[in-house]
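Those protein sequences? They're chains Y and E, same order as listed.
Per my numbering: the first sequence = residues 1 to 252.
Per my numbering: the second sequence = residues 1001 to 1557.
Let me begin by presenting the structure, written as structure tokens, before commenting on it.
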Amino acid sequence: MAQTFHRSANSIAKASILGGVILVVGLLWAALQLQRSPYFTYAGVARPQPVPFPHQHHVAGLGIDCRYCHTSVEVSGFAGIPPTKTCMNCHSQIWTTAPMLEPVRESYRTGRSLSWTRANDLPDFVYFDHSIHINKGVGCDVCHGHVDRMPLMYNQASLQMEWCLDCHRAPEKNLRPHFVKQDPKSPPTMGDQLFNMAYEEPSPTQPVTIREGDRDKTFTSQTGPDGLGTYLVKVNNVRSPQDITSCNTCHR
Amino acid sequence: MNNLLKTGNADVSQGEKKKLGLAELREQLSEVRGPQYWRTLDELAETAEFKEILHREFPKHASEWTDNSSRRDFLKIMGASLALAGLSACTKQPLEPIVPYVKQPDNVLLGKPLFYATAMPLGAYGSGLLAESHEGRPTKIEGNPQHPSTLGGTDVFNQASVLTLYDPDRSPTNTYLGEIRSWPRVLSSLRGPMLAEKAIGGAGLRVLTGATSSPSFVAQMRDFLKVYPQAKWYQWEAVNRDNVYAGAQLAFNQPVETIYDFSKAKVVLSLDADFLSAGFPGFHKYTREFSRRRRPELKQEMLRFYAVESAPTNTAANADHRLHVKASEVEQFARALAGALGVAESGGGFKDSQKKFAATLAKDLQANRGRALVVVGDAQTPATHALAHAINAGLGAVGNTVSYGDPVDPFAAVPKVEQLRQLTAEMLDGKVEMLVVLNTNPVYDAPSDFGFLEAFNKVGLRIHLGLYQDETAKYCHWHLCGTHYLEQWGDTRSFDGWWPTSAFFWRMWGGSQLTHLRFFFCPPSTAIRSQLRNPHAAHSGGSCSTSSLQLFPLIRA
């Protein structure tokens, strides 16, 4: 009796099953990659703002500390965006007629706030507290990137949960001391290293020395049993990765 | 039922109601059984209207599925919908604005609340509180531990008051006969009538407020009455303390404020007094003191509490010995007790059901002279209050567990009911041309036999200021939206005479502060201004200060 199906139906069947599985998995993978991409996360993408505020000029150029504007970062969960008055502290005297600054002057004149676009935007179901991060030794540029090199503000990181967990699983990777012993040969750096965008992690070629009580302690690595990060985890009482990766730490 | 429809009369035309007599009904129902019985009378009558309703609700063929797709297809589609439902979240997080201040106020740390000392008036009594504020918006009321009257406690009314602030049903605008009016319009419209009244010395002008102990308001009203000498100021409060002050009048020939000290008491008798519930003046302090005296480690020194209650209350639930009497019988009990203690002439004996309780009680009170206390509920008769004063005096409680002071309400001498009666009479006589009602609702809570509304409607110009467009506002020409205590400066007095001031927060609706309205009626006296400048009397923001001043001469009875 004649076969209903041609011989090639065998291979077509196998190929289509395998192909189907690969297609579905591939689609899923593509979707997840898309979801991680800057298209969705705005990482590296400057968002539209009412005034093109350049951090590069103000921080690197003028040397203004982060905390001059983002005032409550060490004490509150919310770091704070400067009120118009902070801008006008200087700009009532310099660049007083610049067209770029007209929205700022108008805001100060009329009493209507400037409506900035939120760059570091976490979903509402996430609880994030700045002060604990600062107090445990996480520097500003670890999460926000080299803001002092940004002509327009953007996120360096995707701010997705996997990115947060990456550090929370091994906090020693990203901790730094507040004050270090200055190497007389290098140019002097800012006092508090958390707010120093040029901070370099300790390495064999560039060790970092800190003062512990009445002794100096030098570190040549960040992680590892002799690492500066491991030492800071102990000294700053950073909780174990098990604690800080539990769900209710951030999803309260 | 189908049978019934079929056997219905065929000659019933559309819209014609068929008359059904009892005989016809019986005949119709004689053959039917079970599900064929009628469910509603309309169904039985088989009116055309009912058939229409029935058809609409249960259309023919409604339960039939004539579609070709099978159950399998249905499940397939539903399953796919369920699986793909999560895709609706596959969107970009929308851009979010972040809006800072223009000029950030001092002390405000975004993300951290500030606590301001404030005071909530409830009737004539104020409680010192702390309001937790986030960027100027009060979100939670806490007790003020530094306040001597409230000692860090709050009651239900305090806690609920912050919700009243954000009540969406609050009136947001001023209205005149239902139409919105702005504040400048209000002031310009009222200027004419006020000037007319001024010309006659305010003879037709009456002001009705709630009970208040606010010294600044009282002083302002006094100035107001100097400008309008013929005008009168009445107060009405539905849940008032008339009987308390009347009882004090009977006992001491003047109204006094009675302050209890449970920390010194060993035996306490409550005559229908709910002093462990919110609303009783001094609740915060009494609850704290009472509970401190009830700790088991005190053993023999623990306070013993007898309660004579007419209804189940929180207070009675704490009693060691409880007697249930009708509220009207409490006075008789008090009389008998006074007689048994030898304090007053016996006005009768105890009922049989009360004898055992009373015997123990009397013995206990006698045994603890100087450490005993009798508390009477606000709603009891003046005679009961006077008897309690006598019993307390006889037991040597005065100066120990009881002390007296000036009434917190400056108008305690005239009962509120009398004031309202007077006002109603004047309104009926047509003597009142202009009535200003501030923060009270007499149309709702005046005694029903006053005929208040009828008299109220005779007044030529009626102005109401309050938080809500309530029953009184409905019958007034003008309704002005009032401010909540958390939105205005003000002051009040607590049950033991401390003078806390209330903090001013972000104004919700742009309603005028009550003080603005008073300023309109007459300029503020210099006494008020200097008082507000006094750092002790004025609120100090940002710190948990008491901001209160004691003005309370004590009367030793």
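Don't be surprised by glycine CBs; every beta carbon is placed ideally from N, CA and C.
Every value quoted in this text rests on a predicted model; they were computed, and no experiment measured them.
Using DSSP bridges, identify the partner residues of residue 1270 of chain E.
On the second sequence, residue 1270 of chain E is found 270 positions in, with the first residue counted as 1. Answer by DSSP bridge pairing, in chain order: E:1307 and E:1375.
Whose Cβ in chain Y lies nearer than 7 Å to the Cβ of residue 1092 of chain E?
Working through the second sequence from its first residue, we reach residue 1092 of chain E at position 92. Result: 40.
Can you look up residue 1315 of chain E in the DSSP assignment and give me helix, strand or coil?
Position 315 of the second sequence, counting from 1, holds the residue named residue 1315 of chain E. If DSSP states are grouped into helix, strand and coil, residue 1315 of chain E belongs with the helices.
Would you mind working out which of E:1490, E:1489, E:1470 and E:1326 sits nearest residue 1481 of chain E, comparing C-alpha positions?
On the second sequence, residue 1481 of chain E is found 481 positions in, with the first residue counted as 1. Measuring from the Cα of residue 1481 of chain E, the nearest candidate turns out to be E:1470.
When the Cα of residue 1189 of chain E is compared with those of E:1134, E:1132 and E:1463, which residue comes out closest?
Here residue 1189 of chain E corresponds to residue number 189 of the second sequence, with the count starting at 1. Cα-wise, what sits closest to residue 1189 of chain E is E:1463.
Are the C-beta of residue 81 of chain Y and some C-beta of chain E separated by less than 8 Å?
Stepping through the first sequence from its first residue, residue 81 of chain Y is reached at position 81. At least one chain E Cβ lies under 8 Å of residue 81 of chain Y.
Any idea what DSSP makes of residue 38 of chain Y, helix, strand or coil?
For the purposes of this step, residue 38 of chain Y is taken as residue 38 along the first sequence, with counting starting at 1. Residue 38 of chain Y: helix per DSSP, three-state reduction.
Tell me the rounded alpha-carbon separation between residue 63 of chain Y and residue 165 of chain Y.
Within the first sequence, the letter at position 63 stands for residue 63 of chain Y. Within the first sequence, the letter at position 165 stands for residue 165 of chain Y. The straight-line gap from Cα to Cα measures roughly 32 Å.
Look at residue 1108 of chain E and residue 1135 of chain E and say whether their C-beta atoms are less than 8 Å apart.
As a working mapping, residue 1108 of chain E is identified with position 108 in the second sequence. As a working mapping, residue 1135 of chain E is identified with position 135 in the second sequence. Yes, these two residues count as a Cβ contact at 8 Å.
Measuring only between beta-carbons, confirm whether residue 1186 of chain E sits less than 8 Å from chain Y.
Residue mapping note: residue 1186 of chain E aligns to position 186 of the second sequence, counting from 1. Not closer than 8 Å to any Cβ of chain Y, the Cβ of residue 1186 of chain E fails to qualify, so no.
Per DSSP, cross-strand counterpart(s) of residue 254 of chain Y
Absent from the structure is residue 254 of chain Y, since the part of chain Y shown begins at 1 and ends at 252.
For chain Y, find out if any of its Cβ atoms is closer than 8 Å to the Cβ of residue 1103 of chain E; answer yes or no.
Along the second sequence, one-based indexing puts residue 1103 of chain E at 103. Yes, its Cβ sits closer than 8 Å to a Cβ of chain Y.
Could you give the DSSP three-state label for residue 1476 of chain E: helix, strand or coil?
Residue numbering aside, residue 1476 of chain E sits at position 476 when the second sequence is read from its first letter. Three-state DSSP puts residue 1476 of chain E in coil, outside helix and strand.
Hey, quick one: how far does the beta strand (DSSP E) through residue 1234 of chain E stretch, first residue to last?
The residue you call residue 1234 of chain E lines up with position 234 of the second sequence. Unbroken beta strand (DSSP E) run through residue 1234 of chain E: 1232-1235.
Can the beta-carbon of residue 1256 of chain E be found closer than 8 Å to that of residue 1262 of chain E?
Looking up residue 1256 of chain E in the second sequence gives position 256. Looking up residue 1262 of chain E in the second sequence gives position 262. Cβ distance not < 8 Å, so residue 1256 of chain E and residue 1262 of chain E don't count as in contact.
Could you name the residues of the same chain whose beta carbon sits closer than 7 Å to that of residue 103 of chain Y, not counting the 5 residues immediately before and after it, in chain order?
Along the first sequence, read from residue 1 onward, the residue named residue 103 of chain Y stands at position 103. Taken in chain order, the residues that qualify are 50, 51 and 114.
Could you name the residues of the same chain whose beta carbon sits closer than 6 Å to that of residue 1193 of chain E, not counting the 5 residues immediately before and after it, in chain order?
Sequence index remark: in the second sequence, residue 1193 of chain E carries index 193 (1-based). Excluding sequence neighbours, residue 1193 of chain E sits near 1434 and 1461.
Can you name, in chain order, every residue of its own chain whose Cβ lies under 7 Å from the Cβ of residue 65 of chain Y, other than the five neighbours on each side?
Translated into positions along the first sequence, residue 65 of chain Y becomes position 65. Answer for residue 65 of chain Y: 195, listed in chain order.
Cβ-based contacts, 8 Å cut-off: residues of the segment 100-122 of chain Y near chain E
107, 108, 111, 112, 113, 114, 115, 116, 117, 118 and 121
Within the same chain, show all residues whose beta-carbon is closer than 7 Å to that of residue 1313 of chain E, passing over the 5 residues directly before and after it, in chain order.
Position 313 of the second sequence holds residue 1313 of chain E. Around residue 1313 of chain E: 1274 and 1277.
Name, in chain order, the residues that DSSP records as bridge partners for residue 1179 of chain E.
In the second sequence, counting from the first residue as 1, residue 1179 of chain E sits at position 179. According to DSSP, which records beta bridges pairwise, residue 1179 of chain E is partnered with E:1176.
Quick one, which of E:1106, E:1122 and E:1414 has its alpha-carbon nearest residue 1440 of chain E's?
Translated into the one-based positions of the second sequence, residue 1440 of chain E becomes position 440. Residue E:1122 is the option with its Cα nearest to residue 1440 of chain E.
Which residues of chain Y have a Cβ atom closer than 9 Å to the Cβ of residue 1099 of chain E, listed in chain order?
Position 99 of the second sequence, counted from the first residue, corresponds to residue 1099 of chain E. Chain Y residues near residue 1099 of chain E: 81, 113, 114, 115 and 116.
At what residues does the alpha helix (DSSP H) containing residue 1279 of chain E begin and finish?
Residue mapping note: residue 1279 of chain E aligns to position 279 of the second sequence, counting from 1. Neither: residue 1279 of chain E is in no alpha helix (DSSP H) and is coded neither H nor E.
State whether the segment 1136-1147 of chain E contacts the segment 1169-1177 of chain E, with contact taken as three or more CB pairs (one from each stretch) at a distance under 8 Å.
no
Which residues does DSSP list as the beta-bridge partners of residue 1463 of chain E?
Position 463 of the second sequence, counting from 1, holds the residue named residue 1463 of chain E. Answer is E:1436 and E:1478, bridged to residue 1463 of chain E.
I want to see whether chain E comes within less than 8 Å of residue 182 of chain Y, judged by CB atoms only; does it?
In the first sequence, the residue the question calls residue 182 of chain Y occupies position 182. Chain E, which has no Cβ nearer than 8 Å to the Cβ of residue 182 of chain Y, makes this no.
Which same chain residues end up closer than 6 Å to residue 246 of chain Y when comparing Cβ atoms and leaving out the 5 residues on each side of it in sequence?
For this step, residue 246 of chain Y is matched to residue 246 along the first sequence. Answer for residue 246 of chain Y: no residue qualifies.
Considering only DSSP beta bridges, list what residue 1078 of chain E is partnered with.
As a first step, residue 1078 of chain E is located in the second sequence; it is residue number 78 there, counting from the start. Beta-bridge pairing links residue 1078 of chain E to no other residue.
Which of the three DSSP states, helix, strand or coil, is assigned to residue 244 of chain Y?
The sequence position of residue 244 of chain Y within the first sequence is 244, counting from 1. Helix, per DSSP.
Under three-state DSSP, which class holds residue 1071 of chain E?
As a first step, residue 1071 of chain E is located in the second sequence; it is residue number 71 there, counting from the start. Looking at residue 1071 of chain E - three-state DSSP - the assignment turns out to be helix.
Does DSSP classify residue 1324 of chain E as helix, strand or coil?
For the purposes of this step, residue 1324 of chain E is identified with residue 324 of the second sequence, where counting begins at 1. It is a strand residue.
Cβ-based contacts, 7 Å cut-off: residues of the segment 57-76 of chain Y near chain E:
72, 75 and 76
So, under 8 Å CB-CB, residue 204 of chain Y and residue 222 of chain Y are touching, yes? Tell me the CB distance rounded to an integer number of Å.
Locating residue 204 of chain Y in the first sequence gives position 204, counting from the first residue. Locating residue 222 of chain Y in the first sequence gives position 222, counting from the first residue. Actually they do not touch by this definition, with Cβ atoms about 11 Å apart.
Answer yes or no: does any C-beta atom of chain Y fall closer than 8 Å to that of residue 1082 of chain E?
Here residue 1082 of chain E is taken as the residue at index 82 of the second sequence, counted from 1. It does not: the Cβ of residue 1082 of chain E has no partner Cβ on chain Y nearer than 8 Å.
Would you please verify whether the beta carbon of residue 1433 of chain E is less than 8 Å from any beta carbon of chain Y?
Position 433 of the second sequence, counting from 1, holds the residue named residue 1433 of chain E. So no, residue 1433 of chain E is outside the interface.
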